[in-house]
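Take a look at the structure set out below.
In the working numbering, the protein residues as written are 337 to 1047.
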C-alpha cells in the first residue's frame, strides 16, 4: 500500500514538473520567433530564413523585390493588430506552406491596391469582431490560385471588393464564421469562377453590383448572385482519345504529366482555363515493346473544389522508332508551324500535305506561297482561318521512310495545347479523325480529286503497309512525290526531341531524318555537336544547334512553353558567339494565368539582360478592353511594359529586356498566441492525463492485491 501511495505522489510530482517545463518551452519558442517591422524583414524571413513563426510588430507597406517568396518550411505569420498594405505598383507573391493570422486591428490583414498572389498552400485567417482578411481597392487584383481565406467573428468579412473595374475571382476558398459574418462583399461587377463561398451563420455573398457565379458553390444561396449555366471540359478536347506517346524502352518514371488544362465556359461567351494537377496510375515499370496501353489520369483537386473532374482512362502509345511523326502544330500569328519529332538527315524526298476538307483531297504545302519545309519542322503560310486542317508528312528513302501520323489542327481557334504531345510536356497530340480519310492522292486517282493539278502533278503516298490501300493505313502504288528543298528548321515550330506516337496502323516512329541544302557531307554533319533537349519547361541546345536556328531565322528565334512564347532577336543570339559544345538553355515556367518566370542560361550562368524581346501569352481576361489597363511587370525591378492585345488570337503581347519573373497587372492585429504553442501544451496535458489515469489504475490494482493478501 505504501508503494501505491509512493507511485501516486511520484506521478503528481512528474505531472507538475511536466507542466512547468511546458511554460519555459513556450516562452523559448516565442524568443526564437522572427519579428518583422518592415517589408524587407518580412521578405527575408519568408525567403531566406525559414522559421516556424513570424510575428509582425508594425504595419507594413510592401515593396517590390527580385524573387518570389518561396517558403520552404511550414510557417505561421502572426499579424496581430497590424496589416500589410500592397501599393498600386507593387506585387506581393508568396508560394509554399504559409498561414497568416490576424484581424485584431482596424484595417484588413491585406489591403490590396496592387497585386496579391497566393497559392493552394496559403491560408489567411482573420479573427475578431468586425475583422477583415482581404480588402481589394480600386485597381487592386487578388489572384487566389486555390488559397483559403477565413474570417471568424461577429460581423467579420473574409474578402471585400471596393469600387473598381469589372473583376474575376477564380479558384478561391472563402468562408466566414460568426453572427453576421460575411464571406464575400463587392461594390463592383464581379464574376466568381470555380470558387467555394460559404458562411456558417451569416451571408455568403453581399453585392451592390452584379455578381455572376460560374461553377461555384455558394452557401447559403444569395439573391445578390446569379448562377450561370456552364460547361467544364478538357481544353484539349482530343486528349482522352489521343493520350500519351513515348518511345519503346521508356520507364514509368519518365512518363510525367504535371497537369491538364480544363476549360469552363458560360452561355454569355466567357471562358476560363484551369491548369489542374494530375497523377498517373496503372503504369508498368518499363515498356520495352511497341503497343497501346491504358493508364488512369486522376485530377488532384482540393476537398472544397465545387466541380469534380472525373478520372480518365487514357491510351498510352509506345512507339517503334522507324517512322516520321508530326508531334505538334502551332499557330504563329498568320501561319501554322508544324513540328517534326526529330531531325531527318537521310531522306531522299519529303512532302508535307494538308487537307482542308476532312481528308477528301490533299495538297502539297509548297503550293502556298511563302510555305517551307525543313529538317525539323515546316511553316505553312496562307491558310484560311477558322478552319480545321489535316497534315501528313511523306518521307521517301532513308532510315525513316514512310508516312507520318495525320495531325489535326484548328487554325484561327485558340488551342494552347497545340497538336501533339512531347513526352508528356506542354503539348497534347491531336486526335486522329474518326472518319476514314484517304491519304494524299496517288497516281491512280482522278485528277479532279486534287484541284488545280494535272496527271503529272499528282502526288502519291509511299506504301508503308498494304499496297493499294487508300486509307491512312496504307497507300497506293510506288511513290513519286515532289518535295521542296530542305533547310534547317525555323524557330516558328520549335523542334522537340521527346517522343510521340501515331495512332495510325502504320509503323510509328520517334525520329525522322531529312536532307539539307548545304553542301556539308553526312560525315561532317555527324561530327557536328548538334544537340537539343526539350522538357515541358525548358529547351537546352548546343551552340552549333543555336547557329542553325539563327541562320534559318534571321529576325528572331521563338521558344514556347505551355502557351507562353518568347521571341529572342537573332542578332542578340548570334552576338553570343557560343562555342559548338556550349549549352544554351531557355526556361519558361508558367506560374499561373498571369505570371511566368523566364531564365536564359549559358553554360549554367544566368544571362540576365536581353535585347528587346517579345513575349506573348494567353489573354486571361474575358473583356478585351482590359488590355488597355494592363502592363507586364518585372517583379524584381518593377519595370513595366504596355500590353498589346492580339484580338484574333486572344493573346497578350509585350516587350521585355531581362530574364526574371513577370506578371500581368491592371493599371489603374494584439498578437495572437502561436498555434504551435497551444499544440505543445495540449500534447503535454494529454500525456499527463494519460499518466495519471494509468497510475490510478495501478493504484486500484495494488489496493485489491493488498486486500486479498490480508485475507
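Backbone N, C-alpha and C define an ideal beta-carbon position, used for all residues, glycine too.
Could you check which residue in the options has the C-alpha nearest to that of residue i?
| i | options | result |
| --- | --- | --- |
| residue 654 | 615, 674, 590 and 693 | 590 |
| residue 952 | 898, 996 and 889 | 898 |
| residue 619 | 650, 560, 412 and 700 | 650 |
| residue 594 | 583, 557 and 610 | 610 |
| residue 720 | 924, 551, 739 and 691 | 691 |
| residue 699 | 715, 682, 728 and 684 | 728 |
| residue 545 | 903, 498 and 652 | 498 |
| residue 682 | 639, 688 and 737 | 737 |
| residue 647 | 658, 622, 474 and 612 | 612 |
| residue 394 | 387, 421 and 403 | 421 |
| residue 442 | 468, 425 and 424 | 468 |
| residue 684 | 377, 733, 414 and 870 | 733 |
| residue 889 | 735, 986, 747 and 710 | 710 |
| residue 616 | 592, 533, 398 and 991 | 592 |
| residue 872 | 895, 373 and 625 | 895 |
| residue 661 | 668, 677, 673 and 670 | 677 |
| residue 693 | 418, 538 and 723 | 723 |
| residue 972 | 403, 877 and 633 | 403 |
| residue 450 | 990, 986, 1023 and 969 | 969 |
| residue 582 | 438, 628 and 954 | 628 |
| residue 745 | 474, 633 and 664 | 664 |
Report all residues from its chain with a CB closer than 8 Å to the CB of residue i; omit the five preceding and five following residues, and keep chain order.
| i | result |
| --- | --- |
| residue 454 | 430, 460, 478, 479, 480, 481 and 483 |
| residue 607 | 599, 600, 601 and 958 |
| residue 542 | 518, 520, 521, 522, 558 and 560 |
| residue 911 | none |
Once the 5 residues before and after residue i are set aside, which same chain residues still bring their CB inside 6 Å of it?
| i | result |
| --- | --- |
| residue 513 | 488 and 536 |
| residue 406 | 431 and 432 |
| residue 563 | 549 |
| residue 379 | 401 |
| residue 937 | 921 |
| residue 622 | 587 |
| residue 410 | 433 |
| residue 466 | 491 |
| residue 382 | 405 and 407 |
| residue 576 | 648 |
| residue 472 | 448, 478 and 497 |
| residue 509 | 484, 532 and 640 |
Contact defined as beta carbons within less than 8 Å: I believe residue i pairs with residue j. What is the distance between those atoms, to the nearest angstrom?
| i | j | result |
| --- | --- | --- |
| residue 707 | residue 675 | Not really, about 15 Å apart at Cβ, beyond 8 Å. |
| residue 636 | residue 686 | About 42 Å; that fails the 8 Å criterion. |
| residue 949 | residue 903 | 6 Å |
| residue 1048 | residue 947 | Any question about residue 1048 goes unanswered here, given that the chain covers just 337 to 1047. |
| residue 900 | residue 920 | About 18 Å separates the two Cβ atoms, so there is no contact after all. |
| residue 476 | residue 448 | 4 Å |
| residue 391 | residue 369 | 5 Å |
| residue 375 | residue 389 | At roughly 19 Å, the Cβ-Cβ gap does not stay under 8 Å, so residue 375 and residue 389 are not in contact. |
| residue 652 | residue 630 | 7 Å |
| residue 494 | residue 485 | 5 Å |
| residue 638 | residue 456 | 7 Å |
| residue 876 | residue 427 | So it is not a contact: roughly 29 Å between Cβ atoms. |
| residue 526 | residue 503 | 5 Å |
Based on the DSSP secondary-structure assignment, which residues constitute the bridge partners of residue i?
| i | result |
| --- | --- |
| residue 747 | 723 |
| residue 664 | 675 |
| residue 478 | 452 |
| residue 991 | 950 |
| residue 1041 | Its beta-bridge partners do not exist; DSSP assigns none. |
| residue 416 | 438 |
| residue 738 | 731 |
| residue 600 | 568 and 608 |
| residue 977 | 968 |
| residue 686 | 731 |
| residue 699 | 690 |
| residue 587 | 622 |
Can you find the residues in the same chain that come closer than 7 Å, C-beta to C-beta, to residue i, ignoring five residues on each side of it along the sequence?
| i | result |
| --- | --- |
| residue 290 | Nothing can be reported for residue 290, as the shown portion of the chain is limited to 337 through 1047. |
| residue 506 | 480, 529, 530, 531 and 608 |
| residue 551 | 529, 530, 566, 568, 600, 642 and 643 |
| residue 945 | 993 and 994 |
| residue 874 | 921, 922 and 923 |
What are the start and end residues of each continuous beta strand (DSSP E) run of 3 or more residues lying completely inside the segment 418-464, in chain order? 420-422, 427-431, 434-438, 446-448, 451-453 and 458-463
Beta strand (DSSP E) runs wholly inside the segment 615-665, at least 3 long, in chain order: 627-635 and 648-655
Mind pulling the alpha helix (DSSP H) runs of 4 or more residues that sit fully within the segment 856-937? 858-863, 879-888 and 906-911
Mind listing, in chain order, the continuous alpha helix (DSSP H) runs of no fewer than 4 residues lying wholly within the segment 489-568? none
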